[in-house]
Amino acid sequence: MGKFRCSVHWKCLCGLLLVFVGIVGSQSIVECLPGYPGKLPFKLETGYVTVDNSELFYYFIESSGNPKEDPIFLWLTGGPGCSSFSGLVYELGPMEFDIENYVGGLPKLQPYEYAWTKTASIIFLDSPVGTGFSYSTTAEGWYSSDSKSASQAYQFLRKWMIAHPQYLALQLFIGGDSYSGIIVPQVTKYVVDGNKDGADPPFNLKGYLIGSPATDSVIDENSKIVFSHRMALISDELYEAAKTSCNETYVNVDPSNTKCTATLAAIKKCIQDINTKDILEPKCASASPMYNPNENHRSVLEKPAEFILSPPRIPGLWCRNFNYAMSDWWSNDIQVQKALNVRPGTVLQWQRCNNSLAYTKDIPSVVYVHKELSTLGLEVLVE
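Mapped onto mature numbering (1 follows the signal peptide of the UniProt record, and there is no 0), the consecutive letters of the sequence shown carry residue numbers -26 to -1, 1 to 357.
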């Protein structure tokens, strides 16, 4: 039994129940967190599961509704290389940063009103290795790919479930967003094939869901030109010129097709200052803790007069990317890492999204996987 005493403007005895299991590297129950007022009103477990030469870190939130009957999710965030903590505090809950009242220092946390964990238990997995607090014990282990990431996520799930048999009977969903749209269907297929091949224990797979997913590298890229036209980011003339000169194929263009390359260059110039992930929001120059609020921004809804007349903020929290930096500040705090039972020295600098992974995108399309899974009677949501 290990205990940790944390105090950030308040004192709270944080009990950490350390359990060492042969299959799972380590796990702990976290009762309070720096920045969150008082004892956590939900069950939070963190830990590592050893897969190959990787130590995969996870956050597990048990349903605050009926945990003995509510479904359980394995949640994977995109990137590749974005921590599942991003999904926990910016998307699904049960807590979020108090961005509106932030005035500096360690970011505060507060309950999230629309938390999915009110009706479901969720395992937030830092995957692939090199993401969040996940790390490798060997040099070779740092190398990953789409196929390896999916395989390791499935192996993680098997080991985690064996160590937590009380959740085996629950309906299981695999979920994620963005680039995990490539990984989630693959993990789901692993579960289907495992059940078919008699894997013990079997999983009570109910379905899978993915939001704004990557699906097919060629289709996804080609659709960006169509989307840009439909959103009036490029003119009718430019769009028609691209269709004609590029034959509606905008990926791996033949360099000798100068009309096509010139048209695509013109389109790129039109949208280069737009936030392509949400065209109605500003495009920020940086999401790092060294963010400069004086950097230039551009948005479809930009209102220069209101911006000039508005009082200064500390420092410009209207930018979504800057809001993301709060997770960097919070997660790199030594007291936070102690509370989460992060192994000291394994991750020198936590990043919400690690863009320097040794990662190979070796699955160009999962359309065929969706087609196969759609015949099995699973509940599927792709939006």
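Ideal Cβ placement from N, Cα and C applies to all residues, glycine included.
Residue i classed as buried or exposed, judged by whether at least 16 other C-beta atoms fall within 10 angstroms
i, result
"residue 358", "Because the chain here runs from -26 to 357, residue 358 falls outside it and cannot be looked at."
"Met300", "buried"
"Gln160", "buried"
"Leu322", "exposed"
"Lys82", "buried"
"Thr355", "Looking at the sequence shown, residue 355 is not Thr but Leu. It is exposed - the Cβ of Leu355 has fewer than 16 other Cβ atoms within 10 Å."
"Val341", "exposed"
"Ile248", "buried"
"Glu5", "buried"
Residue i (DSSP reduced to helix, strand or coil)
i, result
"residue 364", "It is not possible to answer for residue 364, since the shown part of the chain is limited to -26 through 357."
"Asp302", "helix"
"Asp190", "strand"
"Leu144", "coil"
"Lys277", "Unreliable placement is indicated for Lys277, whose pLDDT of 43 sits below 50; the coordinate value is still reported in the next sentence. Correct three-state label for Lys277: coil."
"Cys327", "strand"
"Ile199", "helix"
"residue 358", "The structure shown does not extend to residue 358, since the chain is modelled only from -26 to 357, so the question has no answer here."
"Tyr164", "helix"
"Phe16", "coil"
"Ile248", "coil"
"Val316", "coil"
"Lys42", "coil"
"Leu80", "coil"
Own chain partners of residue i with C-beta closer than 7 Å, once the 5 adjacent residues on each side are dropped
i, result
"Pro41", "Ser95"
"Gly67", "Tyr86, Tyr88, Ala89, Trp90, Thr91"
"Ser108", "Ser28, Glu29, Leu30, Phe31, Asp100, Ser101"
N-terminal and C-terminal residue of the beta strand (DSSP E) that residue i is part of
i, result
"residue 420", "Since the displayed the chain opens at -26 and closes at 357, residue 420 lies outside it and no answer follows."
Residue span of the alpha helix (DSSP H) that contains residue i, given as start and end
i, result
"Glu214", "210 to 220"
"Leu131", "120 to 137"
"Leu254", "Counting along the chain, Leu254 falls outside any alpha helix (DSSP H), and DSSP gives it neither H nor E."
"Leu238", "232 to 245"
"Ile308", "308 to 313"
Contact set for residue i: own chain, Cβ-Cβ below 6 Å, skip 5 residues either direction
i, result
"Pro176", "Asn169"
"Val343", "Pro159, Lys163"
"Gly149", "Phe47, Trp49, Leu183"
"Ile208", "Ser202, Ile241, Cys244"
Per DSSP, the bridge partner or partners of residue i
i, result
"Cys6", "Cys6 pairs with nothing; no bridge assigned."
"Met69", "Pro85"
"Tyr32", "Gly21, Leu99"
"Glu353", "Gly181"
"Gly150", "Leu50, Ile184"
"Ser110", "Ser28"
Cutoff 8 Å; reference residue i; Cβ partners in own chain excluding five residues on either side
i, result
"Val225", "Ser191, Val192, Glu195, Asn196"
"Asp210", "His203"
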